[in-house]
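The numbering of the sequence shown is my numbering, which starts it at 4 and goes up by one.
Just so you know, even glycine gets a beta-carbon here, dropped at the ideal spot from N, CA and C.
Below is one structure, written out as structure tokens; comments come after it.
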Amino acid sequence: MAAPRLAAITAVLGYLVALAALASCSTEGDILYKQRLAWKDPKNVLRSWDPKLANPCTWFHVTCNNDNSVIRVDLGNAGISGPLIPDLGGLKNLQYLELYHNHLNGSIPTTLGNLTNLVSLDLYSNHLTGAIPTTLGTIGTLRYLRLYKNKLTGSIPESLGNLTNLVILDLYSNHLTGAIPTTLGAIGTLGYLRLCKNKLTGSIPESLGNLTNLEMLELQKNALNGS
């Protein structure tokens with residue numbers, strides 16, 4: 004009796020795992036399709052993002068892991084325009100969000116801070132406005148944060164100093180104001196820091212001297228003072 008019962012339990016558990024994976028696919032597909040509807044797509048690069056297909060892993064520009072969960076969205080230089088929807092923060096296993104060289108506008112959703120597996124966030128060369136969300140400082144896995152050539156305003160969040168795996172921080176050519184956070188000096192992995200062509204003020208933090216892996220530092224074309 005024990006063996007058949009164990010087999011039945013195993014089968015039920017297998018079914019529940021498969022059902023959970025299917026639900027995850029459906030949810031992620033819903034998120035991406037909602038994002039598609041929010042964008043203009045003159046090149047029709049999103050034609051495969053079909054809501055009738057339960058699994059978004061078959062869509063172009065989307066990569067999934069072995070559990071059929073989305074880990075990459077690659078739409079650099081795709082000609083798309085429009086906003087980023089807050090729902091993107093629900094792509095819980097996303098590692099790479101590559102949306103550079105497009106015509107995206109609006110603000111960066113604070114919900115992107117929920118992407119706790121994110122390695123690379125590339126939103127550069129768009130028309131994004133508003134502040135850099137402080138929530139991005141909670142993504143401990145983040146290695147590449149490139150937001151340059153947008154129209155971002157406000158200060159650089161001190162929370163970015165919590166990104167202790169960050170290698171590249173590139174905020175060049177925005178409208179950022181305020182002081183350079185001293186907390187950036189805590190990012191020991193940082194090799195590339197580009198903050199030039201903004202409206203930053205104050206002095207250069209001494210803490211940047213702690214960045215022993217830094218290979219490039221560009222702070223010119225701001226309103227910095229001191230020596």
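Residue i versus residue j: straight-line alpha-carbon distance, rounded
| i | j | result |
| --- | --- | --- |
| residue 24 | residue 69 | Only weak support exists for where residue 24 lies, its pLDDT of 39 falling under 50; the coordinates are left without a value. |
| residue 148 | residue 74 | 17 Å |
| residue 1 | residue 84 | In the structure as shown, the chain begins at 4 and stops at 230. Residue 1 is therefore absent and cannot be evaluated. |
| residue 111 | residue 229 | 32 Å |
| residue 193 | residue 175 | 16 Å |
| residue 214 | residue 206 | 17 Å |
| residue 52 | residue 97 | 17 Å |
| residue 101 | residue 226 | 31 Å |
| residue 240 | residue 65 | Not covered by the structure: residue 240. The range shown for the chain is 4 to 230. |
| residue 181 | residue 196 | 17 Å |
Pick from the options that is closest to residue i, judged by C-alpha positions
| i | options | result |
| --- | --- | --- |
| residue 158 | 146, 150, 178, 166 | 178 |
| residue 105 | 121, 223, 97, 80 | 80 |
| residue 140 | 151, 150, 161 | 161 |
| residue 137 | 46, 53, 117 | 117 |
| residue 114 | 86, 91, 143, 123 | 91 |
| residue 224 | 204, 61, 217 | 204 |
| residue 153 | 134, 168, 170 | 134 |
| residue 210 | 191, 130, 94, 33 | 191 |
| residue 125 | 173, 216, 61, 109 | 173 |
Bounding residues of the beta strand (DSSP E) (the contiguous stretch that carries residue i)
| i | result |
| --- | --- |
| residue 205 | 202–206 |
| residue 87 | Neither: residue 87 is in no beta strand (DSSP E) and is coded neither H nor E. |
| residue 226 | 226–228 |
| residue 154 | 154–157 |
| residue 64 | Run containing residue 64: none; DSSP gives neither H nor E here. |
| residue 181 | 178–181 |
| residue 2 | Absent from the model: residue 2. The displayed extent of the chain is 4 to 230, so no value can be given. |
Runs of beta strand (DSSP E) lying entirely within the stretch 118–142, each at least 3 residues, in chain order = DSSP runs (the beta strand (DSSP E)) wholly in the stretch 118–142: 123–125, 130–133.
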